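K.L.:
Sharing a structure, written as structure tokens. Questions coming.
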Amino acid sequence: MEKTIYTPNIFNAQNIEDAKKIILTKEGDLESEQRWQKETPFLVDSIIENLKINQNHTVLDFGCGIGRIAKELIQKTNCNVIGVDISEDMRKMAIEYVNNDKFKVISPKDLELNAKKGFKVDSAYTIWVLQHCIKPQVEINLIKSLLKRDSLFYVVNNNQSAVPTNKGWVNNGINILELLRFKFEETKEDKIPVEIADENINKHTFISVLKNSKGYAKLSTNKEVLDLLDEALVFYEKKDLDKAKEIYSKVLEIEASNEMATGNLGIIAKAQGDVKSAIEYYIKTIKLNPDNPLTYNNLGNAFKEIKDYKSAIIAFSDCLRRDPKNYNAFNNLGIAYESAGQNDNAINAYKEAIRINPNYSKSINNIGVLLYKQKKYDEAIKIFEIALNTDPEYHELHSNIGASYNKLKKYDEAIESLELAIKKDPKNGGAYTNLGNVYNKLDDYKKAAKLHEESIKLAPKGSNAYSNVGTSYKYLGFTKKAIDSYKKAIELDPNFVNAHFDLSTMYLSKGDFELGWNEYEWRFKKEEMIPHIINNKDIFSKPMFSGKEDIKDKTLLLHSEQGFGDSLQFIRFLPQIKEKFNCKIAVKCRDELKELFKCIKEIDVLTHRNEATPEFDYHLPIMSMPFILGMKSLKDLPKQTPYLTAPKDDTFNIKKEKGKLNVGICWSASVTGESYDGKVFDLKYLETLINSENTNVYTLQVGPENEDIKKSGFEDKIIDLTDKLTDFSKTASLMKELDLVISSDTSVAHLAGALNVPVWIPLQKIPDWRWQNKGETTLWYPSAKLFRQKTPKVWENVFKSIYGKLYSKFKIKI
């Protein structure tokens, strides 16, 4: 088999015309001369602007060809240019073409000798060269050694290598841009505009402006070590990390204090998931050289990975003290501050990154993401759009904009942005799952599931997609698939709070309480719970009862945490808690519940939220009682029915008329509750009941939703006593006078059930977990009857069943 041999002689030319064709080949419709005329002045101006060249500068032109850039560069700035080219013919023609004493030429070999003697340049550029080098890391290392600290390097290159060999042009698989970023700090990435080149050149090439601030290791003078370092880098670039690690370890056997080997071993350890070892290597590297900012930045990223944000902040700050213009480090510092909950500091860090580099779209985006997390969606969209104007190729921004529109319930705009994100980058898994979330909101769960599944194919380690597809499966009625999806999300991210909580509701909905209650405790880590915990820090600052402590004769504070319905449903467990743990019980509830809860004789001290918290030893949220009691199934529910009572209140003056049914109605839930949209139904569905001569209909709906009565023209037909319903005790007294309550899934339904008042509850297709997914009755409330949707969002059949049941049970014609 013929050996592949590097053939650089292809770059030799006999005359300037031939040289031009080698330097700038024909591309598309552009001939070499056309490229020469259009591209040269653009690049010269770009190099001058980006490298800040003046007449005092000495600039390295690596791969100078015949000096086409050098000639105009000298004419415009009067700087000195050192031209380097592998071809002797090119070097000779360059002297003739440039024809200026400010221009000198040298061979790569002689340049290397000068570098070893300490020769330095102020800046460097290389145009269409590195992709043709058999070992580009050698040339890049040479250029780096020639550049002064913090000086700039301008590169124009193909995205893929094309090395001349005896078998033709070969791609040696080395990613030039990755290699450059490994050695330098990239300050800008750009493209040659289409109008200067053509669409193909624009698409398949890059411009990179790099700063020589990375890797100021103490250079070894041992040739064997230098060769090993070059060899290790080759394997690193090929992603053979084990081989690279082996070679760097050999370096340390020869030269134990080699900073580059220890630093790169840290990078490899982190890439392989061994963050602890990475941190140890970085600290060792810092001891060898306390002045290299790159190592501090790497150390900060390692600390960030293990969520040690305090140490990460210190490391990034140490990096910036040594390199105060490192906008990438400022961005990393912002991420660390944000993760530590220091949002103001995070925004200041992001702003500093942008001040240093106004085109740094990542930091602009991060400000937008922070605003998104703060639920400032309109502001976030504006920031994302600024980032997009800065970097139109940053396609992820379209996905972020779409996610923000989704939160604003502007679904058409969300779909438009997310479909554009997918069009721009078909492999962006995040865009697919964001679009899936929109269709979840639109109740198109089949389409949502397909989008989430596509996201998982593209990014199989994305925990969000698994959690989101779990929600789609949940509402499609695929319980097992939903559970498996949530579990996979948790496997990928063990601290994924919402996945744990959603998993708990799936277990609870299928009656698996042993697993369900355990996962349900994750609710305290939900973002929505943070304000509640902060507002009740006098409670949460003390120990929460785990069920293992001996609290005999001690005071256990039970406190409400979520909606009224939750407290009404779970307060039934209080007597069991007192009996099992032989403790005193104090209860702190929402204001409107206090009078009602006075009927519970086991409560020793009762207060509401506007009153001082009573003295207590341990606290327990009301909804954690079944977890503490070890409730395993609905058969373990307390048998007392009713478990709440209310005194008779004659002020309501409810008339008992023969042949007439007194019915209380409630058609809307709390707008702050979960699944609000699915729980409410239009008052029109009760129109037949309201207009019947055989019923007296009372509204139990309090709050602004009660205005629906007037809007629907029912003010003369529905009896409104809500001005007297000042708390739940009053509502309970009214309910006890009624024959039937018809209520949406809200606190009114729970109150009726707790009082053992007949209550009929219209439920959405996939209701809240406590109603499970099938059955007309529930052990939670023996007096309740459940009427379930057959099709999501379709209430007609539900109320047809209700009217049929009114006749069969009460012989009332409706």
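The numbering used here puts the sequence shown at residues 3 to 816.
Ideal Cβ positions, reconstructed from N, Cα and C, are used throughout, including at glycine.
Quick caveat: nothing in here was measured; it's all calculated off a predicted structure.
(1) Would you kindly work out how many angstroms separate the C-alpha atoms of K539 and D504, rounded to a whole number?
(2) Using the C-alpha atoms, what's the distance from W524 back to K634?
(3) Once you ignore the five residues that flank A450 on each side, which residues in its own chain have a CB closer than 6 Å to its CB?
(4) Return the residue from the list E141, I256, Y311 that minimises the CA-CA distance to E226.
(5) For N696 and K802, what's the separation of their Cα atoms in angstroms?
(6) May I have the straight-line CA-CA distance separating I403 from A433, to the nearest angstrom?
(7) Judging by CA-CA distance, which residue of G632, Q642, N204, C591 is the nearest neighbour of I624?
(8) I need the DSSP call for C66, collapsed to helix, strand or coil.
(9) Could you check what DSSP says for Y298 in three-state terms: helix, strand or coil?
(10) Evaluate the contact criterion for the stretch 517-537 versus the stretch 595-606: three or more CB pairs, one atom per stretch, below 8 Å.
(11) Nearest CA to the CA of H400: which residue from L422, I720, I763?
(12) Would you kindly report the start and end of the unbroken beta strand (DSSP E) that includes C668?
(13) How close, in whole Å, do the beta carbons of F547 and L622 come, if the pair is a contact with beta carbons under 8 Å?
(14) Would you say the stretch 310-320 touches the stretch 333-344, given that touching needs at least three Cβ pairs under 8 Å?
(15) With respect to the beta strand (DSSP E) encompassing K150, which residues constitute its N-terminal and C-terminal limits?
(16) Is the Cβ-Cβ distance between F104 and V83 less than 8 Å?
(17) Considering only the alpha carbon of each residue, which of E581, I605, K527, M627 lies closest to N572?
(18) Using the Cα positions of D486 and L478, report the straight-line distance between them to the nearest angstrom.
(19) Measure the alpha-carbon distance for Y809 versus K483 and round it to whole angstroms.
(20) I believe M508 touches K476 by the beta-carbon criterion, under 8 Å. Please report the beta-carbon distance rounded to the nearest angstrom.
(21) Which of the three DSSP states, helix, strand or coil, is assigned to A219?
(22) For K22, count neighbouring C-beta atoms within 10 Å of its own C-beta (all shown protein chains included) and say buried if the count is 16 or more, exposed if not.
(23) Following the continuous beta strand (DSSP E) through G85, name the residue where it begins and the one where it ends.
(24) State the CB to CB distance for the pair V211 and K185, rounded to an integer number of angstroms; the pair is presumed to be in contact (CB under 8 Å).
(25) Taking only the alpha-carbon atoms, compute the straight-line gap between N224 and D31 and give it to the nearest angstrom.
(26) Using a 10 Å radius around the Cβ and a threshold of 16 neighbouring Cβ atoms, would you call N359 buried or exposed?
(27) What's the C-alpha gap between I288 and K118?
(28) Three-state secondary structure (DSSP) at A671?
(29) Quick check: V682 and S749, are their CB atoms within less than 8 Å of each other?
(30) Exposed or buried, H206, counting other C-beta atoms within 10 Å across all chains shown (16 or more means buried)?
(31) Quick one: is P545 buried, meaning 16 or more other Cβ sit within 10 Å of its Cβ, or exposed?
(32) Within a Cβ cutoff of 7 Å, which residues of the same chain sit near K364, ignoring the five residues on either side of it in sequence?
(33) Taking 8 Å as the threshold, find out whether the stretch 156-166 comes into contact with the stretch 84-97 through three or more Cβ pairs.
(34) If you draw a straight line from the alpha carbon of N56 to that of Y99, how long is it in whole angstroms?
(35) Between which two residues does the alpha helix (DSSP H) containing L390 stretch?
(36) When DSSP labels each residue in this structure, what does S714 get in the three-state scheme?
P.N.:
Let's see:
(1) Here residue 539 is taken as the residue at index 537 of the sequence shown, counted from 1. Here residue 504 is taken as the residue at index 502 of the sequence shown, counted from 1. Cα-Cα distance, rounded: 26 Å.
(2) Mapped onto the sequence shown, residue 634 falls at position 632. Mapped onto the sequence shown, residue 524 falls at position 522. Those two C-alpha atoms are separated by around 18 Å.
(3) Stepping through the sequence shown from its first residue, residue 450 is reached at position 448. Counting only Cβ-Cβ distances below 6 Å, and skipping sequence neighbours, we find G438, Y441, N442, S474.
(4) As a working note, residue 226 is residue 224 in the sequence shown. If we check each option's Cα against that of E226, I256 comes out closest.
(5) On the sequence shown, position 694 is the one that residue 696 refers to. On the sequence shown, position 800 is the one that residue 802 refers to. Going by the C-alpha atoms only, they are around 17 Å apart.
(6) Mapped onto the sequence shown, residue 403 falls at position 401. Mapped onto the sequence shown, residue 433 falls at position 431. Straight-line Cα distance between these residues: approximately 10 Å.
(7) Position 622 of the sequence shown, counting from 1, holds the residue named residue 624. Here the closest residue by C-alpha is C591.
(8) As a working note, residue 66 is residue 64 in the sequence shown. Three-state DSSP puts C66 in coil, outside helix and strand.
(9) Position 296 of the sequence shown, counting from 1, holds the residue named residue 298. DSSP places Y298 in helix when its eight states are reduced to three.
(10) Segments in contact, no.
(11) Here residue 400 refers to the residue found at position 398 of the sequence shown. Selected option, being the one with the closest Cα: L422.
(12) Translated into the one-based positions of the sequence shown, residue 668 becomes position 666. 663-668 is the span of the beta strand (DSSP E), which, as asked, contains C668.
(13) Translated into the one-based positions of the sequence shown, residue 547 becomes position 545. Translated into the one-based positions of the sequence shown, residue 622 becomes position 620. Confirmed, Cβ separation roughly 4 Å.
(14) yes
(15) Indexing the sequence shown from 1 puts residue 150 at position 148. Here the beta strand (DSSP E) through K150 covers 149-160.
(16) Walking along the sequence shown from the start, residue 104 turns up at place 102. Walking along the sequence shown from the start, residue 83 turns up at place 81. Residue identity check: residue 104 is Lys in the sequence provided, not Phe. Result yes, Cβ atoms of K104 and V83 sit closer than 8 Å.
(17) The sequence position of residue 572 within the sequence shown is 570, counting from 1. A quick correction: the sequence has Phe, not Asn, at residue 572. Residue M627 is the option with its Cα nearest to F572.
(18) Residue 486 sits at position 484 when you count from the first residue of the sequence shown. Residue 478 sits at position 476 when you count from the first residue of the sequence shown. So the two alpha carbons sit approximately 14 Å from each other.
(19) Position 807 of the sequence shown holds residue 809. Position 481 of the sequence shown holds residue 483. Near 40 Å, if we compare the C-alpha coordinates of K483 and Y809.
(20) Looking up residue 508 in the sequence shown gives position 506. Looking up residue 476 in the sequence shown gives position 474. So it is a contact: roughly 7 Å between Cβ atoms.
(21) Indexing the sequence shown from 1 puts residue 219 at position 217. For A219, the pLDDT reaches just 48, beneath the cut-off of 50, and the residue's location in the model is therefore unreliable, leaving the point undetermined.
(22) Locating residue 22 in the sequence shown gives position 20, where the first residue counts as 1. Flag for K22 reads buried.
(23) Taking the sequence shown and counting its residues from 1, one reaches residue 85 at position 83. It spans 82-86 - the beta strand (DSSP E) in which G85 sits, taken as one unbroken run.
(24) As a working note, residue 211 is residue 209 in the sequence shown. As a working note, residue 185 is residue 183 in the sequence shown. Contact flag wrong, Cβ pair sits at about 14 Å.
(25) Here residue 224 refers to the residue found at position 222 when the sequence shown is read from its first residue. Here residue 31 refers to the residue found at position 29 when the sequence shown is read from its first residue. One C-alpha to the other measures close to 51 Å.
(26) Counting from 1 along the sequence shown, the entry for residue 359 is found at position 357. Result: buried.
(27) To locate residue 288, count along the sequence shown from 1; it is residue 286. To locate residue 118, count along the sequence shown from 1; it is residue 116. Taking the straight line from one Cα to the other gives about 25 Å.
(28) As a position in the sequence shown, residue 671 is number 669, starting the count at 1. Coil.
(29) Position 680 of the sequence shown holds residue 682. Position 747 of the sequence shown holds residue 749. Going by C-beta atoms, V682 is not nearer than 8 Å to S749.
(30) Here residue 206 corresponds to residue number 204 of the sequence shown, with the count starting at 1. Result: exposed.
(31) Stepping through the sequence shown from its first residue, residue 545 is reached at position 543. Exposed, because fewer than 16 other Cβ atoms sit within 10 Å of the Cβ of P545.
(32) What you label residue 364 is simply residue 362 of the sequence shown in a count that begins at 1. Once the five neighbours on either side are set aside, the close Cβ partners of K364 are N333.
(33) no
(34) By 1-based counting over the sequence shown, the position of residue 56 is 54. By 1-based counting over the sequence shown, the position of residue 99 is 97. One C-alpha to the other measures close to 22 Å.
(35) For the purposes of this step, residue 390 is taken as the residue at position 388 of the sequence shown. Its alpha helix (DSSP H) spans residues 379-392.
(36) In the sequence shown, the residue the question calls residue 714 occupies position 712. DSSP places S714 in coil when its eight states are reduced to three.
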